[in-house]
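Colleague:
Residue numbers (the numbering used here): 44 to 460.
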């Protein structure tokens, strides 16, 4: 059956109306395309942000609990910490490694030849907080010992020749050294006390309180053991008082490497596996997550920026002058001008700049103090030392060479002690 013309017309007009509505449909679809485009451009930064947030959450969840022992902690900036002393030691060229477990302390000390002299000073603050097994482990370490406020049990493990005389000795008033340790004599009075000790005849006792020394030092079996009865003089709160800072620096200047152990109360640490490899003890485990995030970020940045750079262009370096040629050129200039006085002054100043920290002296220390410090460690007399270090300029080139040899010999004698 054929539809009438008017119906055809209506049908055609209806088709025309539908076609007229098509642009409206296209217009309604444009916001959806905009959302899709915005999502494509933002999903990269959102993924990076989610990765960072996830890393922060993991770090917070895995972060260790705060340490309960902050007394004489090198990281502590309060009155009971030792951050000021450790900063001074590091400024003077000492390598101070702060650890909180005996296992990390043994890793930091490392293995040494059996008959070699110790090259590390192990500082143990309040060793009574260690267990008997931990004290036995550290007592066999190849290092000089610096014990702060040890009690009877700790002395039996580390220094059996010494015993406690008074655990509650008066503390607070400055005490004079009264001994022959050069570092103590140079430091002068200090806030000693707290614990005093009985010492054997071969040990040196300083800073006596009620007749008993609070600082004891002796050498046995190739290593030096120093016992300090009052650790408060090392703290930030008292370091600037009296001669406390000088005493601490002079007692710790035997070796350039210092391992500072701040033990946790009675937490047993397993001994390190023989021949095993360990991660650096100064980096906590959670820090590796941050390192991983940084590596990923650097890798993504490298991929992003790599296509912006062209190939590397090699360029020849300018004329290279060897260090030995530079030194020889300076020497010839001095020799041509007969400037022996300037050369001698430069040699002496450089030697003193290296020697003063080893002697526990500050820059600009008087000549008498420097001569006394060197004489205590040298076989030369005080007059010879003054002539070498502060004498007149050499009269000839041979005298200048002899002066350089004497300065080297003095420095070698001081550093070998």
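Ideal Cβ positions, reconstructed from N, Cα and C, are used throughout, including at glycine.
(1) Hey, is the stretch 170 to 185 in contact with the stretch 209 to 217, meaning 3+ C-beta pairs nearer than 8 Å?
(2) Kindly indicate which residue of 406, 357, 405, 449 has the alpha-carbon position closest to the one of residue 390.
(3) Use the C-beta contact count for residue 229: other C-beta atoms within 10 angstroms, 16 or more gives buried, fewer gives exposed.
(4) I'd like the list of long-range same chain contacts for residue 218, defined as Cβ closer than 8 Å, with 5 residues on each side in sequence excluded.
(5) Is residue 100 buried or exposed, if buried means 16 or more other CB atoms sit within 10 Å of its CB?
(6) Measure the Cβ-Cβ separation of residue 174 and residue 297 and say whether it is below 7 Å.
(7) Could you say which of 299, 385, 415, 443 lies nearest to residue 134 if we only look at CA atoms?
(8) So who's on the other strand from residue 137, going by DSSP bridges?
(9) Could you check which residue in 407, 402, 259 has the C-alpha nearest to that of residue 458?
(10) Label residue 455 either buried or exposed according to how many other C-beta atoms from any shown protein chain fall within 10 Å of its C-beta, with 16 as the threshold for buried.
(11) How should residue 376 be labelled, buried or exposed, when 16 other C-beta atoms within 10 angstroms of its C-beta is the threshold for buried?
(12) Given that a residue counts as buried once 16 or more other Cβ atoms are within 10 Å of its Cβ, and exposed if not, what is residue 281?
(13) Within the continuous alpha helix (DSSP H) that includes residue 362, where are the two ends?
(14) Please report the distance separating the alpha-carbon of residue 444 from that of residue 293.
(15) One question on the structure: do residue 167 and residue 302 come within less than 7 Å of each other, judged by their Cβ atoms?
(16) Under 8 Å by Cβ, that's how I've got residue 205 and residue 222 pegged, so tell me the actual separation to the nearest angstrom.
(17) What is the rounded straight-line gap between the Cα of residue 127 and the Cα of residue 295?
(18) Roughly how far, in whole angstroms, is the beta-carbon of residue 116 from the beta-carbon of residue 305, given that I think they are within contact range, below 8 Å?
(19) Do residue 383 and residue 437 have their CB atoms nearer than 7 Å?
(20) With DSSP as the reference, identify every bridge partner of residue 269, one or two as the case may be.
(21) Helix, strand or coil for residue 169 per DSSP?
(22) Would you mind reading off the limits of the alpha helix (DSSP H) that contains residue 453?
Modeller: According to the structure shown:
(1) no
(2) Along the chain shown, one-based indexing puts residue 390 at 347. For residue 390, the nearest C-alpha among the options comes from 449.
(3) For the purposes of this step, residue 229 is taken as residue 186 along the chain shown, with counting starting at 1. With 16 or more other Cβ atoms within 10 Å, it is buried.
(4) Translated into positions along the chain shown, residue 218 becomes position 175. In chain order, 232, 233, 234, 235, 236, 250, 251, 252, 257 place their CB closer than 8 Å to the CB of residue 218, counting only its own chain and leaving out the 5 sequence neighbours on each side.
(5) To locate residue 100, count along the chain shown from 1; it is residue 57. That one is exposed.
(6) Counted from its first residue, the chain shown places residue 174 at position 131. Counted from its first residue, the chain shown places residue 297 at position 254. No.
(7) Position 91 of the chain shown, counting from 1, holds the residue named residue 134. The shortest C-alpha separation from residue 134 is found at 299.
(8) Against the chain shown, residue 137 aligns to sequence position 94. According to DSSP, which records beta bridges pairwise, residue 137 is partnered with nothing at all.
(9) By one-based count along the chain shown, residue 458 stands at place 415. Cα-wise, what sits closest to residue 458 is 402.
(10) Here the question's residue 455 lines up with position 412 in the chain shown. Residue 455 comes out exposed.
(11) Along the chain shown, one-based indexing puts residue 376 at 333. Under this definition residue 376 is an exposed residue.
(12) Counted from its first residue, the chain shown places residue 281 at position 238. By the neighbour-count rule (16 or more Cβ atoms within 10 Å), residue 281 is buried.
(13) Reading the chain shown from its first residue, position 319 is the one you call residue 362. Unbroken run through residue 362: none, as it is neither H nor E.
(14) Translated into positions along the chain shown, residue 444 becomes position 401. Translated into positions along the chain shown, residue 293 becomes position 250. Between residue 444 and residue 293, the C-alpha separation is close to 32 Å.
(15) As a position in the chain shown, residue 167 is number 124, starting the count at 1. As a position in the chain shown, residue 302 is number 259, starting the count at 1. In this structure, residue 302 does not lie closer than 7 Å to residue 167 by Cβ.
(16) Start at 1 with the first residue of the chain shown, and residue 205 comes out as number 162. Start at 1 with the first residue of the chain shown, and residue 222 comes out as number 179. Incorrect: roughly 15 Å between the Cβ atoms, too far for contact.
(17) If you number the chain shown from 1, residue 127 lands on position 84. If you number the chain shown from 1, residue 295 lands on position 252. Spanning the two alpha carbons is a distance of roughly 14 Å.
(18) The sequence position of residue 116 within the chain shown is 73, counting from 1. The sequence position of residue 305 within the chain shown is 262, counting from 1. Between residue 116 and residue 305 a beta carbon distance of about 5 Å is seen, short of the 8 Å cut, so the two are scored as contacting.
(19) Looking up residue 383 in the chain shown gives position 340. Looking up residue 437 in the chain shown gives position 394. Yes, the pair counts as a contact, with Cβ atoms nearer than the cut-off.
(20) Residue mapping note: residue 269 aligns to position 226 of the chain shown, counting from 1. Bridge partners of residue 269: 189, 260.
(21) Position 126 of the chain shown, counted from the start, is the residue given in the question as residue 169. Residue state, collapsed to three classes: coil.
(22) Within the chain shown, residue 453 is the residue found at index 410, counting from 1. Counting along the chain, the alpha helix (DSSP H) containing residue 453 begins and ends at 440 to 459.
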